[in-house]
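J.:
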Amino acid sequence: MRLKKIDIDGFGVYENESFEMTTAVTVFCGPNEAGKTTLAEFIRTILFGFPRQDNDAYIPPLAGGQHGGRLEVVSD
Numbered sequence: 587m588r589l590k591k592i593d594i595d596g597f598g599v600y601e602n603e604s605f606e607m608t609t610a611v612t613v614f615c616g617p618n619e620a621g622k623t624t625l626a627e628f629i630r631t632i633l634f635g636f637p638r639q640d641n642d643a644y645i646p647p648l649a650g651g652q653h654g655g656r657l658e659v660v661s662d
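In structure tokens, the structure reads:
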């Protein structure tokens, strides 16, 4: 299984963002506070479930948008 596309409606600093992975290996790089860890947490949250709003692990959509999104995966 590999990620093909990430669609974020609202999660942390991301609002209506889309990332498409076209190669076998994709590297997200950027300066501090660019949102790399938030993107990784979004993937974990979609795969393993959203925490409750009163939980410290809850990441609200700071930039706006509907909380959540989608992952598109491909299986060999």
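Numbering (this note's numbering) for the sequence shown: 587 to 662.
We treat Cβ as the ideally placed atom computed from N, Cα and C, and that holds for glycine.
#1: Here's a check: name, in chain order, each residue in its chain whose Cβ is nearer than 7 Å to the Cβ of GLY650, leaving out the five neighbours to either side.
#2: Would you identify the three-state DSSP class for ARG638, choosing helix, strand or coil?
#3: Tell me which residue opens and which closes the beta strand (DSSP E) that GLU603 is part of.
#4: Hey, quick one: how far does the beta strand (DSSP E) through LEU589 stretch, first residue to last?
T.: In brief:
#1: For GLY650, the CB contacts under 7 Å within the same chain, skipping 5 residues up- and downstream, are GLY596 and GLU601 in chain order.
#2: Here DSSP, grouped into helix, strand and coil, assigns ARG638 to coil.
#3: DSSP places GLU603 inside the beta strand (DSSP E), whose first and last residues are 600 to 606.
#4: Residues 588 to 597.
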